[in-house]
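Beneath this line is the structure, given in structure tokens, with notes to follow.
In the numbering used here, the protein residues as written are 3 to 795.
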């Protein structure tokens with residue numbers, strides 16, 4: 003048995019430090035690496051959550067620190083403690099060195115009995131040893147101030163950055179004002195002239211409102227529906243499922259071929275196949291805006307129109323229709339009952355229909371104890387019978403099921419139920435989607451209904467791993483996004499044709515007739531530009547990232563944008579032999595600014611990569627470097643990178659875990675990166691244990707941020723830490739002023755880059771800067787050629 007002070011450093015760690023951190027403070031040994039090497043130095047303990055966040059330097063038990071004992075407040079100033087205290091000073095300098103070279107914020111020096119915890123990497127200009135620390139001189143002091151000990155150093159306390167609040171007295175340092183602070187009003191509203199306002203209305207009418215009209219829906223779906231190879235295959239497969247079920251249920255002539263085998267050597271019949279299909283909901287998996295609802299519409303109006311003409315088709319929208327309801331089951335039942343009444347003239351509560359449905363129950367009732375009243379007391383018998391029926395229809399779920407069974411078996415109707423837009427509830431209530439699947443599963447299994455349910459991929463995979471889907475084997479189809487350029491080309495052609503048919507226009511649009519030719523010209527220009535300018539098609543495709551809805555929104559906004567000189571475009575088109583091609587920077591400006599006079603990050607899909615949250619000059623490059631790390635892995639495997647590895651690489655460049663936290667959060671909010679439920683089971687179960695760059699994130703880092711147009715746009719939203727540079731920048735709009743401002747900003751970033759340690763990460767500011775300089779040279783040459791120094795596009 004060791005006597006006190008006899009334990010060497012390794013034994014001190016084994017007997018005392020391990021017990022304090024793993025048994026008392028709640029750290030998991032899987033979150034700790036001992037003797038971690040970095041630059042030839044070995045740190046005793048490096049704790050991660052999931053990124054490296056705390057380093058503990060353990061000294062042998064007999065090496066006591068001279069600390070103030072008996073203090074009621076563990077929060078003490080370090081400078082008086084280390085004055086003349088060589089052992090403690092050396093230990094703290096050692097742990098500070100480890101933290102600073104690794105980018106780890108918190109450090110602890112301990113001998114097992116005494117603990118000194120500090121913020122070892124600061125961003126407010128104060129040397130760590132001039133700050134404060136939590137100081138515990140003995141186990142007794144730990145016990146008497148255990149709440150402080152726990153709040154500061156436990157796994158949860160460190161994760162919540164409690165030491166920062168305890169020792170620095172603030173949550174986040176102040177950053178310099180942005181250029182936008184000098185602009186009033188900001189972001190302002192960009193006015194439209196009469197032509198732009200009229201074109202905005204016409205573009206919304208032609209591209210959005212008319213295609214949605216009930217009268218044109220089938221024609222629109224036939225002419226404008228776009229499908230990738232995978233989508234086409236899924237559409238045909240879904241049609242065949244309907245065919246197989248129809249033929250199996252009714253043994254009647256099928257309106258088309260059934261591609262599933264009628265029988266197999268194992269004796270599985272077509273009927274059994276159809277029945278097995280019917281007992282599972284069919285999941286339609288696709289990201290937001292890729293066209294899951296359009297897939298359903300095309301299936302019902304075009305692909306399987308003949309089949310569904312003999313069917314009862316029910317459609318439940320859990321997005322727009324059920325936003326406020328929490329009881330999804332009752333809502334679905336109510337919609338089914340309402341649509342049966344409105345679309346098929348079937349009132350599930352009609353006396354005659356109810357008596358048809360419960361014919362057997364009424365026969366059994368007549369044979370029961372009240373049957374004798376039918377002849378002797380007919381009115382009493384009728385009251386008893388009505389009460390009996392009321393009890394049957396009062397169980398709403400069972401009554402709706404019996405009604406559908408009656409329609410299916412007695413009236414030879416196939417029942418098809420689509421439950422759509424459950425995925426729109428993901429941000430508000432993940433449980434709603436879980437409940438939607440369970441309801442769909444129950445209906446498909448126990449009711450005579452084929453059920454389709456739409457979900458997002460992340461919901462599907464998350465639930466498949468640990469949610470409602472984990473106990474089932476669902477049939478799922480992935481709805482792949484179509485080619486955006488093909489969608490736009492077809493939509494333009496369809497809309498132009500409609501605009502020439504005055505009889506199909508609503509009355510309120512006829513007053514815009516003089517401008518119809520102009521919107522048609524602009525659509526011609528856009529179609530031509532998509533064909534001959536690959537940069538424009540690439541911009542739309544990458545920013546929309548498969549979201550057809552967003553792509554159409556961007557195009558509509560361009561047509562009516564106050565930032566686009568549409569009169570000039572029309573003028574060029576009117577000249578003999580001249581054709582206008584939309585440059586990508588002109589389209590970019592309309593999308594980046596939207597309806598605002600100035601760039602506002604909250605109102606655009608364009609992200610500000612050079613933003614900072616802390617007054618640290620090198621943070622301007624944190625988001626590009628973060629995305630670059632993920633971009634390096636985007637072409638191998640599934641593209642996912644463990645979050646801990648990302649933190650380690652960025653902390654090795656000198657960034658704090660807090661800074662990386664903020665950068666990841668902002669990139670997630672702007673959809674530049676994503677987490678996923680489709681991760682390797684060997685990885686942590688933390689929802690953010692893996693990260694992957696998105697299509698829009700890859701476009702930002704590989705192309706967008708390297709142009710003058712991008713830097714010129716986001717500059718208004720970038721805090722500049724150099725006061726001299728900041729005071730020299732203004733918000734003038736002439737092109738030469740904007741070019742000068744961009745050069746000044748690039749020079750400022752040159753100085754900031756000097757704070758970055760050498761790295762093997764592919765993204766390199768000097769190379770990016772050269773691309774920006776080349777872009778500025780082209781803009782300046784264009785302005786001089788056109789003699790347009792007020793150029794804004």
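Just so you know, even glycine gets a beta-carbon here, dropped at the ideal spot from N, CA and C.
**Study point:** Element boundaries [alpha helix (DSSP H), containing residue 90]
**Key:** 88-104
Point to revise | 3-residue-minimum beta strand (DSSP E) runs that sit fully inside the region 391-416, ordered along the chain | key: Listed in chain order, the beta strand (DSSP E) runs fully inside the region 391-416 amount to none, counting runs of at least 3 residues.
Review point. Can you list, in chain order, the stretches of the alpha helix (DSSP H) that have 4 or more residues and sit fully within the region 594-668?
Key: 624-634 and 645-654
Review point. Can you find at least 3 beta carbon pairs, one from the region 533-550 and one from the region 567-580, that sit closer than 8 Å?
Key: no
Check your understanding: Using the C-alpha atoms, what's the distance from residue 404 back to residue 357?
Key -> 12 Å
Review point. Taking all protein chains shown into account, do 16 or more other C-beta atoms lie within 10 angstroms of the C-beta of residue 52, making it buried, or fewer, making it exposed?
Key: Around the beta carbon of residue 52, 16 or more other beta carbons lie within 10 angstroms, which makes this residue buried.
Exercise for review: With distances taken Cα to Cα, identify the nearest neighbour of residue 158 among 439, 50 and 141.
Suggested key: Looking at the Cα atoms, 50 is the closest of the given residues.
**Study point:** Touching by the beta-carbon criterion (3+ pairs, under 8 Å), the region 603-618 and the region 190-201
**Key:** Touching, no, given that fewer than three Cβ pairs across the two stretches are closer than 8 Å.
Point to revise | Environment of residue 710 [buried if 16+ CB atoms lie within 10 Å] | key: buried
Practice item. Write down every uninterrupted run of the alpha helix (DSSP H) in the region 712-756 whose length is 4 residues or greater and which is fully enclosed by it, in chain order. Key: 725-730 and 737-755
Practice item. Report the residue from 162, 142, 594 and 368 whose alpha carbon sits nearest the alpha carbon of residue 557. Key: 594
Exercise for review: State the beta-bridge partners of residue 477 as determined by DSSP.
Suggested key: 284
Exercise for review: Please state whether DSSP places residue 778 in a helix, a strand or coil.
Suggested key: helix
Review point. How would you call residue 775, buried or exposed, if buried means at least 16 neighbouring beta carbons within 10 angstroms?
Key: exposed
Exercise for review: May I ask you to list the residues that DSSP assigns as paired with residue 128?
Suggested key: Paired residue(s): none; residue 128 is not in a bridge.
**Study point:** For residue 36, three-class secondary structure by DSSP
**Key:** strand
Exercise for review: Note down, in chain order, each residue of its chain lying with its Cβ closer than 7 Å to the Cβ of residue 592, except the 5 sequence neighbours on either side.
Suggested key: 559, 560, 563, 565 and 566
Check your understanding: Taking the C-alpha atoms as reference points, what is the distance between residue 318 and residue 439?
Key -> 13 Å
Review point. So what's residue 123 in DSSP terms, helix, strand or just coil?
Key: coil
Practice item. Could you say if the region 535-552 and the region 170-189 meet the contact criterion of at least three C-beta pairs nearer than 8 Å? Key: no
Practice item. Quickly, what does DSSP pair residue 590 with across the bridge? List them, please. Key: Its beta-bridge partners do not exist; DSSP assigns none.
Exercise for review: Using a threshold of 8 Å, state whether the C-beta atoms of residue 630 and residue 449 are closer than that.
Suggested key: no
Exercise for review: For residue 134, I'd like the list of residues in its chain whose CB is within less than 7 Å of its CB, leaving aside the five on either flank, ordered along the chain.
Suggested key: 77, 78, 79, 80 and 169
Point to revise | With 16 other Cβ atoms within 10 Å as the buried cut-off, status of residue 148 | key: exposed
Check your understanding: Around the C-beta of residue 651, are 16 or more other C-beta atoms found within 10 angstroms, so that it is buried, or is it exposed?
Key -> buried
Check your understanding: Looking at the structure shown, is residue 261 part of a helix, part of a strand, or coil, going by DSSP?
Key -> At residue 261 the pLDDT is 32, less than 50, meaning the model places this residue with poor confidence and gives no usable figure here.
Exercise for review: From the DSSP output, in three-state form, read off residue 135 for me.
Suggested key: strand
Exercise for review: Measuring only between beta-carbons, confirm whether residue 783 sits less than 8 Å from chain D.
Suggested key: The structure shown contains no chain D; it holds only a single protein chain.
Review point. Could you give the C-beta distance for residue 293 and residue 484, rounded to a whole number, given that I count them as a contact under 8 Å?
Key: 7 Å
Check your understanding: Should residue 393 go down as buried or exposed, given a rule of 16 or more other Cβ atoms within 10 Å for buried?
Key -> exposed
Exercise for review: Within the same chain, show all residues whose beta-carbon is closer than 7 Å to that of residue 349, passing over the 5 residues directly before and after it, in chain order.
Suggested key: 343 and 355.
Check your understanding: Which residue's Cα is closest to the Cα of residue 206: 385, 185, 309 and 554?
Key -> 554
Practice item. Given a cut-off of 8 Å, decide if residue 482 and residue 2 are closer than it, judged by their beta-carbon atoms. Key: Summary: the structure shown does not reach residue 2, with the chain confined to residues 3 through 795, and so no result is reported for it.
Check your understanding: Expressed to the nearest angstrom, what Euclidean distance is found between the alpha-carbon atoms of residue 75 and residue 146?
Key -> 10 Å
Point to revise | Cα-Cα separation between residue 44 and residue 171, rounded to whole angstroms | key: 31 Å
Point to revise | Spatially closest choice to residue 60 from 612, 83 and 100, by CA coordinates | key: Residue 60 has its Cα closest to that of 100, out of 612, 83 and 100.
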